[in-house]
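Numbering (mature numbering (1 follows the signal peptide of the UniProt record, and there is no 0)), first residue to last: -24 to -1, 1 to 224.
Here it is as structure tokens:
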């Protein structure tokens, strides 16, 4: 009879742990059920206004990320700039373009949730569950261990089904704009190159051209429970392209 009651207590405790450990997974699935996409710029860009016939852009899109869909991104950028209402269009001829916009996508990958936040939450729950286990099993270490094993298995299963996923897109943008006639643009540059652990070289040069240059970085994040890249990518591309369209 005592053995049966002991087993029953462990079973009931396992059910309690199911509720406790499932709370975090349920909270994530409810709070993160909708896709949340946010975009930020490192700095704003303001190009000079030009007549309508000169509002032409030559676009270059490059990436070091294999998963990045260049064609889909180009399409998103064409749509956003075309719908801006400012009359800018794209051209395939760099010689007739007033602006050259170069895009280099550095990252498009899954980002880890906050480790500190997760550690704090799981640590607090761990203390509460351990105390409950000791009380329900009459202070038996063996019973608490058995209940803890059940809780651990339940927690692992719950976390396997519900994950808080964030994707990160980082793009560096460079825009070159043709200056007005009679304007000469001077560019002073310094390039540092590391040769080895023992030393490095620095190259400084100046040049004159008719191109003004602007640079910025666009960072876009997408967050949702159990998010996959195929679902995140279209909205990430649209929001990134919308931010870039604001330059013109």
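Glycine residues also receive a C-beta, built at the ideal position from the N, C-alpha and C atoms.
Quantities reported herein were computed from a predicted structural model and do not represent experimental measurements.
Residue 157 and residue 73 have their C-alpha atoms spaced approximately 15 Å apart. Listed in chain order, the non-local C-beta contacts of residue 192 below 7 Å within the same chain comprise 17, 18, 19, 21, 149, local neighbours out to five positions each way being set aside. Closest in alpha carbon position to residue 31, among 217, 153, 209, 206, is 153. Across the structure, residue 68 and residue 34 are spaced so that their CA atoms are roughly 6 Å apart. Straight through space, the alpha carbons of residue 60 and residue 223 are spaced by roughly 10 Å.
Sixteen is the threshold: since fewer than 16 other Cβ atoms of the shown chains lie within 10 Å of the Cβ of residue 179, the residue is exposed. Per DSSP, the beta-bridge partners of residue 148 are 80, 193.
For residue 201, the secondary structure class from DSSP, reduced to helix, strand or coil, is strand.
In the structure shown, residue 49 falls within a helical segment according to DSSP collapsed to helix, strand and coil. Close CB contacts of residue 220 within its chain, under the 6 Å cut and outside five residues either way in sequence, are absent.
The beta carbon of residue 83 sits closer than 7 Å to the beta carbons of 41, 144, 145, 146 from its chain, once the five residues preceding and following it are set aside; these are given in chain order.
Nearest Cα to residue 215 within the set 151, 9, 198, 142: 198.
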